[in-house]
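Numbering (the working numbering), first residue to last: 17 to 230. Even for Gly, the Cβ is constructed at its ideal location relative to N, Cα and C.
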């Protein structure tokens with residue numbers, strides 16, 4: 017049996033992945049007491065898990081260090097090449113939204129400044145609307161940008177909307193849904209015969225998982 021290496025986004029996606037694999041019949045108890053470790057191997061050596069930041073999941077998969085990766089679609093929008101997207105796992109649900117202060121007018125056709133951590137998503141969104149905007153890349157708390165006058169509005173991930181409200185922002189338009197995805201290294205799919213049966217086992221849960229995770 018060939019070992020399968022899976023790169024996981026640390027945090028909520030990691031936790032939901034452990035739940036999913038447990039539902040699929042895999043013993044994930046070895047992940048219960050992680051401490052500061054970032055690499056985990058199942059007792060039977062069937063799986064190895066790498067806990068990394070979201071953008072790095074695609075890097076590890078692209079270079080073949082990981083056979084599979086589980087990462088948010090938000091990351092895939094910004095890093096669209098070097099892997100195969102296999103499944104929508106239907107957890108880690110959130111959305112991209114356009115948000116700003118209450119006085120913002122989305123129908124004002126002056127050239128706007130848009131702050132975001134997702135320049136590809138923001139650019140594509142405004143291109144589809146036929147609007148010429150200036151994209152300002154922000155790595156930290158993008159919510160304060162309209163409040164401080166750096167930008168007219170933001171494009172960001174919204175889950176509950178609490179952070180936006182706390183900073184005096186409103187959602188003006190929802191852009192698209194985001195969820196966790198299973199991605200694969202193409203060479204690994206070809207060379208490791210155990211990957212596709214594993215993927216099929218996960219896929220069989222897709223229809224039932226939404227109920228199971230409530």
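Contact check, residue i vs residue j, beta carbons under 9 Å
i, j, result
"residue 137", "residue 93", "yes"
"residue 46", "residue 30", "no"
"residue 162", "residue 115", "yes"
"residue 191", "residue 222", "no"
"residue 160", "residue 135", "no"
"residue 236", "residue 66", "A query on residue 236 cannot be resolved here, the shown segment of the chain reaching from 17 to 230 and no further."
"residue 23", "residue 105", "no"
"residue 25", "residue 117", "no"
"residue 167", "residue 130", "yes"
Alpha-carbon spacing of residue i relative to residue j, whole angstroms
i, j, result
"residue 35", "residue 41", "10 Å"
"residue 27", "residue 149", "33 Å"
"residue 197", "residue 185", "29 Å"
"residue 69", "residue 143", "29 Å"
"residue 155", "residue 121", "25 Å"
"residue 91", "residue 187", "21 Å"
"residue 17", "residue 183", "52 Å"
"residue 51", "residue 19", "23 Å"
DSSP state of residue i mapped onto helix, strand, coil
i, result
"residue 176", "coil"
"residue 83", "coil"
"residue 190", "strand"
"residue 154", "coil"
"residue 108", "coil"
"residue 52", "coil"
"residue 127", "coil"
Supposed close pair residue i, residue j - CB separation, criterion 8 Å
i, j, result
"residue 102", "residue 195", "Between residue 195 and residue 102 the Cβ distance is about 13 Å, and since that is not below 8 Å, they are no contact."
"residue 132", "residue 113", "The pair is not a contact, with the Cβ atoms about 11 Å apart (cut-off 8 Å)."
Any C-beta of chain C under 9 Å from that of residue i
i, result
"residue 89", "Among the chains of the structure shown, chain C does not appear; only one protein chain is present."
Heavy atom of the ligand SAM within 8 Å of residue i beta-carbon
i, result
"residue 193", "This structure simply doesn't include the ligand SAM, nor any ligand for that matter."
Review point. If we count Cβ pairs, one from each stretch, closer than 8 Å, do we get three or more for the stretch 51-66 versus the stretch 177-188?
Key: No: the two stretches stay apart, fewer than three of their Cβ pairs being nearer than 8 Å.
Check your understanding: Are at least three pairs of beta-carbons, each pair with one atom in the stretch 78-92 and one in the stretch 192-211, less than 8 Å apart?
Key -> In short, these stretches touch, since the Cβ pair count reaches three.
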